[in-house]
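Below is one structure; the comments refer to it alone.
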Amino acid sequence: MRLVADIGGTNSRFALSMNGEVQADTLRRYANDEFASPEQLIETYLQDIATPVREMVLAVAGPGEIHSARLTNRPWRFEAAGLASLVGCDDVWIINDLAALGYAVPRLPSDRLTRLIDHPVPPGIQRQYLVIGIGTGFNVSPVADVNGAPVCLTVEAGHASLPQVVAAELETHQAGLSAHFPTIEHLFSGRGLSRLYGLISGADRISAQQIIAAQHAADPVAGGIADLYARLIGLISGEMAQLYLPRAGVFFAGSIARELFATRAVGQFHRAFSCPSGVTGLSVSVILDDAAALLGCAAFRTAPG
Numbered sequence: 003m004r005l006v007a008d009i010g011g012t013n014s015r016f017a018l019s020m021n022g023e024v025q026a027d028t029l030r031r032y033a034n035d036e037f038a039s040p041e042q043l044i045e046t047y048l049q050d051i052a053t054p055v056r057e058m059v060l061a062v063a064g065p066g067e068i069h070s071a072r073l074t075n076r077p078w079r080f081e082a083a084g085l086a087s088l089v090g091c092d093d094v095w096i097i098n099d100l101a102a103l104g105y106a107v108p109r110l111p112s113d114r115l116t117r118l119i120d121h122p123v124p125p126g127i128q129r130q131y132l133v134i135g136i137g138t139g140f141n142v143s144p145v146a147d148v149n150g151a152p153v154c155l156t157v158e159a160g161h162a163s164l165p166q167v168v169a170a171e172l173e174t175h176q177a178g179l180s181a182h183f184p185t186i187e188h189l190f191s192g193r194g195l196s197r198l199y200g201l202i203s204g205a206d207r208i209s210a211q212q213i214i215a216a217q218h219a220a221d222p223v224a225g226g227i228a229d230l231y232a233r234l235i236g237l238i239s240g241e242m243a244q245l246y247l248p249r250a251g252v253f254f255a256g257s258i259a260r261e262l263f264a265t266r267a268v269g270q271f272h273r274a275f276s277c278p279s280g281v282t283g284l285s286v287s288v289i290l291d292d293a294a295a296l297l298g299c300a301a302f303r304t305a306p307g
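The opening position of the sequence shown corresponds to residue 3 in our numbering, with each subsequent residue numbered one higher.
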């Protein structure tokens with residue numbers, strides 16, 4: 003029995019898995035603010051589920067190695083040896099949350115995806131995917147199929163400087179705007195969208211979810227900012243696709259991407275997104291399953307090779 007967890011900056015999801023399959027009736031969701039430490043969070047889940055586990059795979063929203071990690075947006079640290087001792091299990095692996103989605107992508111059924119751009123995958127190519135996560139923070143996970151098993155690189159793209167093409171679009175909209183967003187994650191995150199709204203509107207900042215909801219309600223100010231944001235996502239996605247050449251598809255994850263692309267602002271993404279040089283087309287999808295990272299944790303190291 004394996005405990006699998008997706009621990010984000012705001013919320014965490016837990017489940018049990020056997021033989022690479024998540025047990026749906028064991029899925030639980032917790033608000034991180036209710037816990038003082040990750041150890042308390044894990045202990046609470048184990049008390050809720052009352053089932054002994056032999057191993058754990060934790061997907062953590064932050065940098066780290068296979069035996070340790072830290073959350074980017076919360077002062078929590080994870081040490082595999084300490085957690086194994088706490089739980090009394092044999093093995094603990096810690097992976098990046100976007101890497102967990104990378105492991106999940108080849109196994110996601112079509113009903114857990116929304117296709118934004120449908121393009122067939124050319125036969126005979128190296129199957130490379132790219133997961134782009136926009137939620138509490140920003141990151142990407144490049145994925146390559148190697149002998150039938152996904153291999154996911156761990157990167158921290160959100161801390162890179164804002165690309166020139168994105169900064170230029172901000173400057174076109176309002177002079178001096180790009181200076182407020184020195185890194186990719188400063189702009190492409192829930193807090194980034196909220197900050198963008200406050201800077202452009204001159205009004206008090208509201209949450210990203212309120213901005214997207216106002217877009218649904220045809221609020222002209224929020225609607226214009228949501229349109230701009232979707233256009234900016236199209237630009238940054240084109241840059242990431244040029245870097246990683248995901249000929250087997252781009253997959254968006256995270257609450258901001260998922261909610262924004264369910265509005266008419268998605269048309270602005272289509273206008274701004276461009277395929278990498280030399281690539282005739284890419285499929286682009288949105289992952290609808292909020293617990294998809296748990297599937298990736300269940301699959302981790304279970305595939306042959």
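For each residue, glycine too, the CB sits at the ideal point set by N, CA and C.
Could you have a look at residue i and say whether DSSP puts it in helix, strand or coil?
i: ALA293; result: coil
i: GLY135; result: strand
i: VAL167; result: helix
i: SER180; result: helix
i: PHE253; result: strand
i: ASN34; result: helix
i: PHE140; result: strand
i: GLU81; result: strand
i: GLN130; result: strand
Report the CB separation of residue i from residue j in whole angstroms; it is logged as a contact under 8 angstroms.
i: GLN130; j: TYR246; result: 7 angstroms
i: PHE239; j: PHE275; result: Correcting the residue type first, residue 239 is Ser in the shown sequence and not Phe. With 8 angstroms as the limit, SER239 and PHE275 qualify as a contact, their Cβ atoms being about 6 angstroms apart.
i: SER19; j: ALA295; result: The Cβ separation is near 12 angstroms, so there is no contact.
i: VAL55; j: VAL24; result: VAL55 to VAL24, Cβ: 13 angstroms. No contact.
i: ARG197; j: GLY236; result: The pair is not a contact, with the Cβ atoms about 20 angstroms apart (cut-off 8 angstroms).
i: ILE214; j: ALA228; result: 6 angstroms
Does the beta-carbon distance from residue i to residue j come in below 8 angstroms?
i: VAL157; j: VAL168; result: no
i: PHE172; j: ILE258; result: Before going further, note that residue 172 is Leu rather than Phe in the sequence given. No. Outside cutoff.
i: PRO144; j: LEU155; result: yes
i: GLY225; j: ILE186; result: no
i: SER14; j: LEU43; result: yes
i: THR116; j: VAL288; result: yes
i: LEU230; j: HIS182; result: no
i: ALA63; j: ASP99; result: yes
i: VAL268; j: ALA232; result: yes
i: ALA106; j: GLY298; result: yes
i: ALA7; j: LEU60; result: yes
i: GLY309; j: GLY192; result: Given that the chain is displayed from residue 3 to residue 307, the structure contains no residue 309 and the question cannot be resolved.
Apply the 10 Å Cβ neighbour rule to residue i and answer buried if 16 or more other Cβ atoms are within range, or exposed otherwise.
i: PRO40; result: buried
i: PRO222; result: exposed
i: ALA210; result: buried
i: VAL148; result: exposed
i: ILE127; result: exposed
i: GLN49; result: exposed
i: ILE9; result: buried
i: ALA26; result: exposed
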